[in-house]
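**Q** This is the structure, below, for whatever I ask next.
Numbering (this note's numbering), first residue to last: 7 to 329.
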């Protein structure tokens, strides 16, 4: 789908009817474009639009490059898929003269956010570079919201890991849920870090591009501010990733401690019941020549010995602090 935004009375407005690249067109947005739609834009702008396969390439030279005076920049964006699933998608931003061309195969919320607020901000929408800066600022804002949500979830997970309420079974069930949540948040944090690094490289290249294009001091200042923002987000995402790894290690350690406690209980029980079992096995042999078999007090004495030799190891372990 091709959506062309024109500047009318200082407002960015989408064209109606059949899309056409006019002199007033500032932003051309390709969403899930077909080969025919790509051909239309390529003929109008005289550029080669990257395919979806080319967008997925990870080499920097394939994502950030200049061709015939046009600047091609591809970044990985985080967005919410169906339900609450977090996904990543490549998006390409191309500065073609005074116009901005975007190519994407998903609908990150930052695009709708930018359209909702671009006409309320003091932006020089006659320049595609300024439209790109405003769009990237919206993307960074959305990414910051995602990282803040990860931080809240990580703090809640931290409380769950070190909470001592409930019995062994309840804590075991809680740890199972915590492990699943840690894995989920770790994956989201990894995607956020990937997006931060990708946007950081794009913004660094954009700073060079606006300088080459001589887009003005205001554009350069806003790009540098966005670079600082994305660098701080990258550091924060890295910190959260490290904390998630720590919580994973702590949870596994807690599970291991629980398992060791269970094994310790069985070991102590085996030692406690070993002497009574030995006594019972000796007097259960029923040899004819055993003198205690004819003893009137043999049965209560044997029971007393079994109880005594069961209590003594228990008291010893209790004294040593092993229980």
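Think of the CB as a built atom: it goes at the ideal place given N, C-alpha and C, for glycine as much as any other residue. Remember, it's a predicted structure, so these values are computed and weren't measured experimentally.
Keeping to the same chain, check which residues put their C-beta closer than 7 Å to that of residue 38; ignore five residues upstream and five downstream.
**A** 7, 111
**Q** Taking buried to mean at least 16 other C-beta atoms within 10 Å of its own C-beta, is residue 136 buried or exposed?
**A** buried
**Q** Whole-angstrom Cβ separation of residue 153 and residue 83, contact assumed at under 8 Å?
**A** Wrong, their Cβ atoms sit about 14 Å apart, outside the cutoff.
**Q** Could you tell me the boundaries of the beta strand (DSSP E) in which residue 96 lies?
**A** 92 to 102
**Q** Look up residue 29 in the DSSP assignment and say whether it is helix, strand or coil.
**A** coil
**Q** On the DSSP letters alone, give me the boundaries of the beta strand (DSSP E) that residue 73 sits inside.
**A** Segment 70 to 73, the beta strand (DSSP E) holding residue 73.
**Q** Can residue 207 and residue 244 be called in contact, C-beta distance under 8 Å?
**A** no
**Q** Taking C-beta to C-beta, are residue 253 and residue 188 nearer than 8 Å?
**A** yes
**Q** Label residue 76 either buried or exposed according to how many other C-beta atoms from any shown protein chain fall within 10 Å of its C-beta, with 16 as the threshold for buried.
**A** Flag for residue 76 reads buried.
**Q** Write down the C-beta distance between residue 141 and residue 168 rounded to the nearest angstrom, noting that I regard them as a contact closer than 8 Å.
**A** Contact flag wrong, Cβ pair sits at about 42 Å.
**Q** So, helix, strand or coil for residue 313, using DSSP?
**A** In this structure, residue 313 counts as helix in the three-state DSSP scheme.
**Q** Based on the DSSP output, what are the partners of residue 84 in its beta bridges?
**A** 94
**Q** Would you mind giving the Cβ-Cβ distance between residue 32 and residue 13, rounded to the nearest angstrom? I have them listed as a contact below 8 Å.
**A** Residue 32 to residue 13, Cβ: 5 Å. Contact.
**Q** Please determine, among 51, 58, 224, the residue with the shortest C-alpha to C-alpha distance to residue 131.
**A** 224
**Q** Could you pull the DSSP bridge partners for residue 109 from this structure?
**A** 36, 98
**Q** Can you tell me where the alpha helix (DSSP H) with residue 155 in it begins and where it stops?
**A** 134 to 168
**Q** Over what stretch of residues does the alpha helix (DSSP H) that includes residue 286 continue unbroken?
**A** 223 to 288
**Q** Identify the continuous alpha helix (DSSP H) that holds residue 53 and give its terminal residues.
**A** Segment: none, residue 53 is in no alpha helix (DSSP H) and carries neither H nor E.
**Q** When you compare each of 113, 91, 160, 52 to residue 36 by their alpha carbons, which one comes out closest?
**A** 113
**Q** Taking only three categories from DSSP, how would you classify residue 79?
**A** strand
**Q** Based on the DSSP secondary-structure assignment, which residues constitute the bridge partners of residue 185?
**A** Bridge partners of residue 185: none, in fact.
**Q** For residue 64, which of helix, strand or coil comes out of DSSP?
**A** It is coil, neither helix nor strand.
**Q** Does the separation of the CB atoms of residue 150 and residue 227 fall below 8 Å?
**A** no
**Q** Apart from the five residues just before and just after residue 250, which ones in its own chain have a Cβ nearer than 7 Å to its Cβ?
**A** 160, 188, 191, 192, 195
**Q** According to DSSP, what are the bridge partners of residue 17?
**A** 14
**Q** So if DSSP puts residue 9 in a beta bridge, which residue, or which two residues, is it bridged to?
**A** Under DSSP, residue 9 takes part in a beta bridge, and its partners are 35.
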